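Chains as they are written, first to last, in this note's numbering: chain S, 1 to 357; chain D, 358 to 934.
The following block contains the structure:
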């Protein structure tokens with residue numbers, strides 16, 4: 001047992017688990033700020049509400065499980081889950097939508113499986129997927145990128161009124177607009193991609209808004225990489241496989257497929273690559289396994305986007321790959337020193353003969 | 358810098374070696390009383406050969422090695438044996454063990470073994486000397502040196518590696534000792550290479566010990582004859598745990614010690630410089646192992662440094678000599694901060710395994726924060742020098758899933774603590790792994806014990822069966838004798854059976870005899886096999902000889918049973934015809 005700990009010494013180290021999670025929260029700031037800039041205060045209300053709900057749900061469960069509440073909240077895992085779910089939902093989502101999502105994320109996906117470290121699925125994505133399936137209408141109503149300060153944009157009081165649920169489940173039409181991926185997904189089969197874009201199907205500035213948000217997530221991801229909070233394996237494999245699949249599809253049939261850049265920046269790909277897929281608890285373990293895991297997510301994203309029913313697919317792709325993690329883990333064990341080859345599969349080692357020392 | 362290879366992972370903890378490395382090697386004051394545990398080595402404890410009240414001189418044997426893996430214990434001061442009693446010894450759980458306590462007379466009168474010249478002595482004589490001088494590996498494992506020296510009889514050794522890496526923070530024993538006694542270490546390496554038949558010697562040392570490297574270079578230039586194995590000094594970049602035997606061999610030779618194997622399996626023998634110096638002193642000066650160099654350091658001592666201290670000195674005396682500020686100590690550690698353990702008090706003796714004592718203040722080595730759940734961040738995987746997945750092992754160790762833990766190569770863990778060091782959730786991973794290993798070993802031991810019991814039961818069954826068969830054979834023999842007697846008296850015609858039944862009975866008997874002859878051949882083969890297994894075990898020292906003897910006895914009983922049955926059947930046939 002080591003009596004010396006890295007974080008208690010002067011060497012460069014991310015610190016304890018709570019600080020690690022805090023860094024993830026900090027790294028979401030560029031993305032959140034850009035989202036707010038383009039899509040209004042609804043982003044902030046989403047996230048703040050989600051955080052409050054996340055903390056109270058976590059505290060409730062901890063009380064029921066008779067575990068220390070403050071120490072658990074300090075691991076910041078509920079905070080990160082709340083931020084990620086809040087940022088994924090359409091801005092100014094009503095409170096009940098957030099609550100259902102957070103209950104699914106914190107209670108069902110995390111604590112019913114044993115709490116932090118024991119959840120096989122990414123909690124935020126469980127919440128998101130549940131909402132997407134159960135409440136498709138409010139989940140696909142993204143606000144138009146009216147800008148934070150423009151006169152058409154809803155004021156903070158409008159938003160507060162809306163999230164209380166008093167104004168009905170749908171947003172006023174003037175506020176909403178499809179996401180770029182959604183619009184492209186619903187493009188009629190007979191329309192060529194170039195023609196489609198020529199009709200300007202999106203609200204003004206939508207594409208720029210989405211691209212800049214993606215780049216902001218990328219900036220946050222770079223911070224995580226620099227701080228060594230995440231490894232390069234999952235984002236690189238995931239983005240690589242998205243790019244590869246998109247390039248192949250685009251090269252074969254550019255008239256019906258989005259460009260690689262569109263797939264990379266148009267939706268939640270970068271957000272997913274740096275903030276969702278990299279959740280260490282539900283990801284594959286070994287470095288090699290992480291490559292397979294990331295590549296699988298990328299391929300599933302492209303498969304669902306082109307042949308599936310959903311315009312963006314990060315949540316489903318991540319959840320599906322979460323299923324495969326035990327399998328990946330068994331088959332990607334690194335070669336241990338003193339072994340000629342790695343152990344693969346679930347068979348016990350051949351004749352575990354008595355160790356000689 | 359010489360070319361070197363690499364092992365995966367590794368960490369760069371703060372070295373904190375400066376304070377103790379600056380001071381020159383000192384001699385600790387002669388203790389007035391020593392406490393010498395009977396087990397200071399891996400293997401069987403030695404058996405005391407002195408009685409209370411007896412006068413012993415420094416270097417006199419006070420306990421005799423028992424069995425193959427064991428070594429002698431010597432008085433480390435001259436004086437009177439006070440008692441043989443249970444006393445606390447250095448152990449993570451504060452255990453007590455049998456110790457010989459000697460009250461010193463402050464004269465330090467020596468009794469040495471005869472001086473030998475290793476270049477002219479027989480191997481057997483030198484190996485015997487290592488055993489009688491109580492030499493054990495001083496790198497931490499305390500493995501008796503004579504076994505390693507004799508390893509050339511079973512394995513072909515091509516390289517002797519001198520492990521002077523000393524990678525763990527705080528510890529500077531090898532560094533400081535090499536600065537003053539590099540000549541002895543080099544000669545010791547030549548002696549060991551001579552004994553195991555190594556063709557070359559590699560000295561592996563980390564680059565943070567420039568003075569020791571200079572001293573080694575100087576002594577390499579100055580010494581050696583043409584017949585000696587060539588010695589190469591390999592300076593490697595500092596990284597924990599380069600001083601791990603397997604890790605150093607990988608770095609110097611790019612060979613991997615096979616899983617569950619020994620370095621000897623790949624032609625390498627590894628020795629700590631302290632052991633080499635002790636070995637050469639035992640041969641050249643006839644000086645048994647009665648002292649060792651120990652680092653006394655930590656922020657709570659005023660005079661950190663390395664001292665050559667008599668074994669059995671109490672740690673409190675050693676620390677007092679290093680001017681310990683007792684009030685400031687928050688934890689007292691034997692060994693390094695990564696692989697060592699905490700001592701609950703200091704009234705315990707210095708043993709052959711004690712390489713370092715750290716009296717740390719709270720600021721220096723703060724208590725670990727509470728353990729948090731594993732978030733599988735993979736920091737441990739990046740640090741693991743054995744290429745394991747500690748996060749998975751932790752999962753299986755915690756759930757006592759031993760098969761899975763072994764599937765993830767639990768037994769390749771060297772317990773270096775690199776994973777603990779980097780773990781952001783402060784999980785004492787190495788401790789979990791050690792516990793899991795102990796549990797698995799215990800279960801295997803239990804299973805083995807059950808099997809031995811079964812073997813003993815089988816022996817009893819076989820013996821009873823044999824007795825029954827012999828009884829039956831005797832009965833048949835008596836019957837035959839009676840029949841023969843009556844035949845002689847001409848009464849045979851009356852008992853002549855009818856022709857048909859005779860033929861049928863004869864056929865059945867022939868079949869029986871055939872079956873019994875096959876059984877006899879099989880029993881004979883089983884005896885041969887058991888004999889061979891026993892012979893092999895007693896030659897190599899591996900395996901359980903008692904159990905094999907039981908199995909051999911069972912096989913012999915079975916053979917006698919079949920033999921008796923066969924003779925009984927033959928008599929019966931005779932009787933019938």
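From the three backbone atoms N, C-alpha and C, an ideal C-beta is built for every residue, glycine too.
Every value quoted in this text rests on a predicted model; they were computed, and no experiment measured them.
Of the candidates D:650, D:618, D:617, D:623, the residue whose Cα lies closest to the Cα of residue 633 of chain D is D:650. The same chain holds no residue with a CB closer than 6 Å to that of residue 191 of chain S once the five nearest residues on each side in sequence are set aside. At a C-beta separation below 9 Å, residue 339 of chain S has these neighbours in chain D: 613, 615, 616, 744, 766, 769.
Secondary structure note for residue 932 of chain D: its alpha helix (DSSP H) is the uninterrupted segment 902 to 933. Secondary structure note for residue 394 of chain D: it is in no alpha helix (DSSP H), and the uninterrupted beta strand (DSSP E) holding it is 390 to 394.
Only those residues of the region 776 to 789 of chain D whose C-beta falls short of 7 Å from the nearest C-beta of chain S are listed: 777, 778, 779, 781, 782, 783, 785, 787, 788. If you look at residue 698 of chain D, you'll find it in the beta strand (DSSP E) that goes 698 to 700. A contact is defined here as three or more CB-CB pairs under 8 Å, and the region 665 to 681 of chain D meets this definition with respect to the region 382 to 392 of chain D.
Residue 845 of chain D: member of the alpha helix (DSSP H) spanning 786 to 845, first to last residue. In the same chain as residue 472 of chain D, and ignoring 5 residues on each side of it, the C-beta atoms closer than 7 Å to its own belong to 641, 642, 643, in chain order. Counting along the chain, residue 755 of chain D sits inside the alpha helix (DSSP H) bounded by residues 747 to 755. With respect to residue 271 of chain S, residue 325 of chain S sits apart: the two C-beta atoms are not nearer than 9 Å. The alpha carbon of residue 906 of chain D has as its nearest neighbour, out of D:409, D:455, D:890, D:917, the alpha carbon of D:890. Neighbours of residue 748 of chain D in chain S, taken as residues at a C-beta separation under 7 Å, are given in chain order as 285. Judged by their CB atoms, residue 98 of chain S and residue 25 of chain S are not nearer to each other than the 9 Å cut-off. DSSP places residue 629 of chain D in the coil class of the three-state scheme, outside both helix and strand.
Residue 91 of chain S has its alpha-carbon roughly 11 Å from the corresponding atom of residue 162 of chain S. Within a 10 Å sphere around the beta-carbon of residue 777 of chain D sit 16 or more other beta-carbons, which makes this residue buried. From the listed residues D:403, D:773, D:540, the smallest Cα separation to residue 788 of chain D is found for D:773. Contact between the region 237 to 248 of chain S and the region 297 to 304 of chain S is present: 3 or more CB-CB pairs across the two stretches fall below 8 Å. For the region 62 to 92 of chain S, the beta-carbon criterion of a distance under 8 Å to any beta-carbon of chain D is satisfied by 71, 75, 77. The beta-carbon distance between residue 128 of chain S and residue 79 of chain S, rounded to whole angstroms, is 17 Å. This is too long to meet the 8 Å contact definition. Secondary structure of residue 441 of chain D (DSSP, three-state): strand.
Within the region 580 to 614 of chain D, the residues whose Cβ lies closer than 9 Å to any Cβ of chain S are, in chain order, 603, 604, 607, 613, 614. At least one CB atom of chain D sits nearer than 9 Å to the CB of residue 280 of chain S. Following the DSSP letters along the chain, one finds residue 139 of chain S inside the alpha helix (DSSP H) bounded by residues 136 to 139. Membership of residue 585 of chain D in any beta strand (DSSP E) is not indicated, and neither H nor E is assigned to it by DSSP. The C-beta distance from residue 553 of chain D to residue 619 of chain D rounds to 13 Å, too long to fall under 8 Å, and the pair is not in contact. At a cut-off of 9 Å, the C-beta of residue 510 of chain D has no neighbouring C-beta in chain S. Chain-ordered, the chain S residues with CB closer than 7 Å to the CB of residue 732 of chain D read 17, 116, 117, 280, 281. Taking the Cα positions, residue 752 of chain D is about 9 Å away from residue 758 of chain D.
A contact is defined here as three or more CB-CB pairs under 8 Å, and the region 36 to 45 of chain S meets this definition with respect to the region 203 to 219 of chain S.
Using a Cβ distance threshold of 9 Å, residue 496 of chain D and residue 602 of chain D count as a contacting pair. Per DSSP, reduced to three states, the secondary structure at residue 313 of chain S is coil, with no helix or strand assignment. Taking the Cβ atoms as the reference, residue 733 of chain D lies roughly 5 Å from residue 280 of chain S, within the contact range of under 8 Å.
In this structure, residue 826 of chain D lies away from residue 893 of chain D, with their beta-carbon atoms at least 9 Å apart.
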